[in-house]
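Written out below as structure tokens is the structure these notes cover.
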Amino acid sequence: MGIVNNNYGQISIDFLVGITIFLLAFLYLITSIPTLFIPFQSNSDELTMMADKVAATLVETELANTTEANTPLPGIIDYSKFIDMKNNMSTSSGSLETRKSLGLDTGDRVYNLEVILQEYNDSTSAFTNYTISDGSSAGNSNVGQSRRFVMVRNNDFPGTKAIMVVRVW
Amino acid sequence: MVKSGEDGGQIYTIEAITSALLLLSVLIIVVQATSITPLTVSFTNEHVKLELQNMGADMLTSLDETPYSAVYTSDPAVPSCLKKSITDWINITGGGSDWFAWSNSTSKYVSLLNASNPSINSLPLANTLSMLIKTYGIAYNVEVRYSDINGNIYNTKMIWNGDPSENSVTVSRVVALHDSDILQDSCVIPDVSPGTKFYNMVEVRLTMWVM
């Protein structure tokens, strides 16, 4: 092999080093930009998880229909249990008791709860809302929300399709 | 053409073009590989999908837990509305060989492959799912997955509203079919146990995405 006398055409090492550093910096920037905003984001993540937990508890055990089988049927809401809970929540002492039983008491505070059952009307495609709350409203504070699909059964089959919205703040 | 005596430096131009192209393509790949939104690092981003997943799983569960006999006394033997939906679809389409799509009209579900087939509007599964598309703008596909006697897995479509987006969520529930459920001579889902009353196990796969 002959000795190459000139070095034209070879990409310089400087260029490679430069472009590598540039791309690494660019990648770092792309991945770190979203985290810069974390301090300004709301603290509703925790509330959302609490709402998920409460929704799961209500749909799968607390309000679940137990009259047809000897075991709770997850996703099938017993209408009478829903009314019982609505009545319990309407007084301040009952509301506190209900919220504590659902695990909303974290020791330093008891979170507020609102449950909205949106019954769906097949023929009109409209929702009718039934709200369980103790009258307090979320106002401007952060709210965690979770939605579940349920069948509400009041001795009528197959029951009414509904969306259950659980809000915690 | 007169040959220039000095051709040094030409390669620099090619290098420059090559490196520019390289740089541009890397930039395009990097930018397209990640999508950055205000919610990217937030739990809310995941929670939207979690809610979809919960609602889909709830629908399949509550349908499966509702005895069809209680709704339609004419058919007292069927223990689940979900199962009844699958067997009805098989039986009215001549063996499960037709797909349906939601059309926002009085005809509701329309057949995609054979317009002479009756609609699946009355099926509990199709009826329940239509609530999602009508009120929440959530699109969905329903596929039925089954195996043959040799263990090969197949997928067939029941409701098809188009290709799901990248952020779709799939939930599924398994339904057991028996010989008495299949009224058709030819069915896309084969009998995996010819000697017994058991027919096949099918996995009902519901895929949902926000439009």
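Protein chains in written order, with this note's numbering: chain A, 10 to 178; chain B, 1177 to 1387.
The beta-carbon is built from N, C-alpha and C at its ideal position, and this holds for glycine as well.
{"Check": "The alpha helix (DSSP H) enclosing Met94(A), as first and last residue numbers", "Outcome": "Tyr88 to Met98"}
{"Check": "Min CB distance Asn1297(B) to chain A below 8 Å", "Outcome": "no"}
{"Check": "Test: Ile39(A) CB closer than 8 Å to a CB of chain B", "Outcome": "yes"}
{"Check": "Pair within 8 Å by beta-carbon distance, Val1380(B) and Tyr1322(B)", "Outcome": "no"}
{"Check": "Inter-residue Cα distance where the pair is Ser1279(B) and Val1286(B)", "Outcome": "7 Å"}
{"Check": "CA nearest to the CA of Trp1336(B), picked from Val1364(B), Val1202(B), Trp1275(B) and Asn1221(B)", "Outcome": "Trp1275(B)"}
{"Check": "Minimum C-alpha distance to Asn1317(B) - residue among Leu1200(B), Glu1241(B), Thr1242(B) and Met1384(B)", "Outcome": "Met1384(B)"}
{"Check": "Straight-line gap, Leu1239(B) to Lys1373(B) (C-alpha atoms, nearest Å)", "Outcome": "24 Å"}
{"Check": "Exposure of Ala1233(B), with buried meaning 16 or more beta-carbon neighbours within 10 Å", "Outcome": "buried"}
{"Check": "Span of the alpha helix (DSSP H) around Ala26(A)", "Outcome": "Note on identity: in this sequence residue 26(A) is Val, with Ala being the wrong assignment. Element bounds for Val26(A): Ile22 to Leu45."}
{"Check": "Cβ of Glu1319(B) within 8 Å of any chain A Cβ", "Outcome": "no"}
{"Check": "Span of the alpha helix (DSSP H) around Leu1258(B)", "Outcome": "Cys1257 to Ile1268"}
{"Check": "For Gln1208(B) and Asn1303(B), the rounded distance between their alpha carbons", "Outcome": "39 Å"}
{"Check": "Limits of the unbroken alpha helix (DSSP H) element including Leu1305(B)", "Outcome": "Pro1300 to Met1307"}
{"Check": "Simplified DSSP assignment, three categories, for Ser1232(B)", "Outcome": "Here residue 1232(B) turns out to be Gly, not Ser, going by the sequence shown. Gly1232(B): helix per DSSP, three-state reduction."}
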